[in-house]
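A short write-up of the structure that comes next.
As structure tokens, this is what we get:
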């Protein structure tokens, strides 16, 4: 093999909670408790794509409410606008669209108020993710054939899809001492 060390990295959701200020584990009920003044569709209808269900909506990191709400059952949670520094420090070439454009209602990407209500930055007709510090390595232990660790999403951190896993298990496997 070309590589001297072959690392296989696998991630899995940890079933236990780590004790760290880095982790923000908000249940959907708490995140969705504040009813928005305007429901912004987080899972709009799309050709050849399943209709929204509570399970699919929550998997997107959105809030579900039955259809007694003006026809928008799956909507963005009301989030605080991001800190201005987290917006201005994102270089234009590094910007990621607010949420996945395939799922997000186009108004989120065009309207400053809706964009900020979804927890994103708005600048020059562009809705994008604020700067995120990503994951923190909480534990790293050597095993007989590699390493095992725990990663936690930093407080306030999230990726472009809004459904980031707050705790990850990391397994690095060393295939042999020379590979």
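In mature numbering (1 follows the signal peptide of the UniProt record, and there is no 0), the protein residues as written are -20 to -1, 1 to 159. Glycine residues also receive a C-beta, built at the ideal position from the N, C-alpha and C atoms. In this text the structure is predicted, and so the values were computed from the model without any measurement.
Should residue 65 go down as buried or exposed, given a rule of 16 or more other Cβ atoms within 10 Å for buried?
-> exposed
Determine which residues share a DSSP beta bridge with residue 108 and list them.
-> 77 and 101
Integer Cβ distance of residue 103 from residue 67, believed to fall under 8 Å | 7 Å
Do residue 54 and residue 100 have their C-beta atoms within less than 7 Å of each other?
-> no
Can you tell me the Cβ-Cβ gap for residue 59 and residue 97, rounded? I've got them flagged as a contact below 8 Å.
-> 7 Å
Within 10 angstroms of the Cβ of residue 19, are there 16 or more other Cβ atoms? Answer buried if so, exposed if not.
-> buried
Should residue 110 go down as buried or exposed, given a rule of 16 or more other Cβ atoms within 10 Å for buried?
-> buried
Determine the extent of the beta strand (DSSP E) in which residue 39 is found, giving its start and end residues.
-> Not the beta strand (DSSP E): residue 39 falls in the alpha helix (DSSP H), residues 34 to 39.
How big is the Cα-Cα spacing for residue 115 and residue 122?
-> 20 Å
Who does residue 115 pair with in a DSSP beta bridge?
-> 133
Residue span of the alpha helix (DSSP H) that contains residue 66, given as start and end | 64 to 68
Indicate whether residue 132 and residue 118 have their beta-carbon atoms separated by less than 7 Å.
-> yes
Straight-line Cα distance separating residue 72 from residue 25 | 30 Å
Separation of residue 27 from residue 95, as counted between CA atoms = 24 Å
Can the beta-carbon of residue 12 be found less than 7 Å from the beta-carbon of residue 57?
-> yes
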